[in-house]
Structure formats: structure tokens, C-alpha cells
Amino acid sequence: MTGLTRDQVDDLVERVAGHGLWSLRRRRALDPRRAVVAVLLYLRHNLSQPLLAELFGCSQPTISRLVTLLLPVLTQVLAATTEATAERELRSTVRVDGFLVPIGDRRKDTYTSGMYSGKRHRCGFNVQVVASWHGRLVMTGRPQPGAMHDARAFRESGLAEVFAGRMHADGGPGGFADTAYTGTGLMVPKRRTGPDQPLSEHIRRFNKTIASHRACVERVIAHLKNWKILATGYRRLLANFPATLAAVTALEIYRTSTSAS
1 MTGLTRDQVD
11 DLVERVAGHG
21 LWSLRRRRAL
31 DPRRAVVAVL
41 LYLRHNLSQP
51 LLAELFGCSQ
61 PTISRLVTLL
71 LPVLTQVLAA
81 TTEATAEREL
91 RSTVRVDGFL
101 VPIGDRRKDT
111 YTSGMYSGKR
121 HRCGFNVQVV
131 ASWHGRLVMT
141 GRPQPGAMHD
151 ARAFRESGLA
161 EVFAGRMHAD
171 GGPGGFADTA
181 YTGTGLMVPK
191 RRTGPDQPLS
201 EHIRRFNKTI
211 ASHRACVERV
221 IAHLKNWKIL
231 ATGYRRLLAN
241 FPATLAAVTA
251 LEIYRTSTSA
261 S
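The sequence shown begins at 1 in full-length UniProt numbering and counts up one residue at a time.
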């Protein structure tokens, strides 16, 4: 139900309990295990807070406070895992792509606030994803407005800084992406130079190779969107979304790294 194995949940509860939140004098409605499971269910299934409150025998404001409290804690206690994964996987050629996290039409000026994606015909955040060659999540960038083009989102999200000096042109491992990332330094498919200029057989093979390499990042995004908070509609304050994305990213990296070890 949580997306994690029993052993992973036990380990996560132990880490969170050791963070000190429950050692304070203030009495909390849920113990560490129930609190962690409640937040995991919220992220995994995008359940409404009133429903979670009914399931766990507490109030909706309690669930809201726990979500706000535990998201940065989850990111923090899993930081060593996420940092080690990034350091290891960025030594090889990675794959980059983006997807939209829907947020719904929240206000009348949504379409002029930069959140509306004309490509996907809905409002949301543009989230940039880096995947390893064997199909595991490496990192996500800072969320950007849905109207932002992928190439610019790659730069604005902080991923361009991460890749500085690592691009293929710099002698580094670099990364593969689609044509939306032209000009970023990532390796992208070649385009026709003109309407009557067919692609050579060599370029066709090159494009086919890149397409085959990019397939793994699409699978990673599909697994990331199994955390339904990123797929079926983010409902909390938009200002809180970066913390949500950071926590889900850390949990997905933790899920795949520890289950494979």
C-alpha cells in the first residue's frame, strides 16, 4: 500500500523516530509508525486528508500538520542515499526528460501565471527527471512553471549546474534527451536540415540509438508517477510543492536502491 517493503517502512520509521520529533514534550496524536505510514499513503495514493483522518482516527488538521512536518524530515533522513546515488550514477551517461504534475485550475489568472502547458493542455509544474542507464531515478530538478519549455526548465531547475563539466563535449559522460533539449549540451536526435533533405543512414542509426537509450527515462517517470501525488492532481499550496517533490524523489530513490541491494 505504501510502495515500500515492510523492511523499508521499518527502517524509515526508525530513522524518523531517531530524528527527535517524538522526543519533544508536545504530545502527538499518532506515534512515529502510524504518522509515517499516513504520509506514505498520502503520497502514494494522493488520498484526501479527511479520508486519512478517518482511517487513522485523528483530525484533518492533524494530518495536514504531519504532512507539513514529515516531508522535509523524510528528505533529510534519506539524504545520504540520494546523494550517494547521484554521485555514483552521474559518472556514467544518464537520460533526461520532463513531465507535468497537474495542479488543476486554481484561479482565474492561472492561464497567464505561467502554469498552463500548451503542449499538454493543462496547468501544472514542469518536473525535470534524470535517470540512470539501467532505469533508476537519479534526481529531479527544482519544479518549474508548466508553460516553460523543457530546455529552459533544464537550465532553471538547477540540472544544468549539476551537469557543468560533465557534458560529452567537455569530455564527460553527458546524457541523452529528445529534441526539446537542443542547445543544452545533451545528446539529442539530429533533425533534417531542410524539407527536401532526407536523413542519411548514419544519422538514422544515430537517432535510433538515442531513442533506445531514452526509453529507460520514460520508464523511470512512469514509476515516479506511481506516487499518485505527482500524477492525479496536486491539491496543497503551490508553495509547498518543492518539499513534496523532494520527499517523493528521495522515497523513490530509496525504494529502488534498497530493494535492489
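Glycine is no exception: its CB is placed at the ideal position from the N, C-alpha and C atoms.
None of these values were measured; they are calculated from a predicted model.
#### Entry: Asp97 in three-state terms, based on DSSP
strand
### Query
Candidates Gln76, Ser117 and Val248: which alpha carbon is nearest Thr140's?
Val248
### Query
Hey, out of Ala29, Arg33, Ala180 and Ala17, whose CA is closest to Thr2's CA?
Arg33
### Task
With DSSP as the reference, please indicate the residues paired to Pro145 in a beta bridge.
Phe125
### Message
Buried or exposed for Leu74, going by 16 or more other Cβ atoms inside 10 Å?
### Response
buried
### Start-to-end residues for the beta strand (DSSP E) that takes in Thr82
Not the beta strand (DSSP E): Thr82 falls in the alpha helix (DSSP H), residues Ala79 to Glu89.
#### Entry: Local conformation of Phe163 per DSSP, three classes
coil
### Query
Taking Cβ to Cβ, would you say Leu230 is nearer than 9 Å to Leu251?
no
### Task
Assign Arg204 to buried or exposed, taking buried as 16 or more other Cβ atoms, counted over all protein chains shown, within 10 Å of its Cβ.
exposed
### Query
Between the stretch 46-57 and the stretch 68-84, do at least 3 Cβ pairs fall closer than 8 Å?
no
### Message
Starting from Leu137, trace the beta strand (DSSP E) in both directions and tell me its first and last residue.
### Response
Leu137 to Thr140
### Message
For Asn207 and Tyr254, I'd like the C-alpha separation in whole angstroms.
### Response
33 Å
### Query
Roughly how many whole angstroms lie between the Cα atoms of Ala125 and Ile103?
Note that residue 125 is Phe in the sequence shown here, rather than Ala. Spanning the two alpha carbons is a distance of roughly 8 Å.
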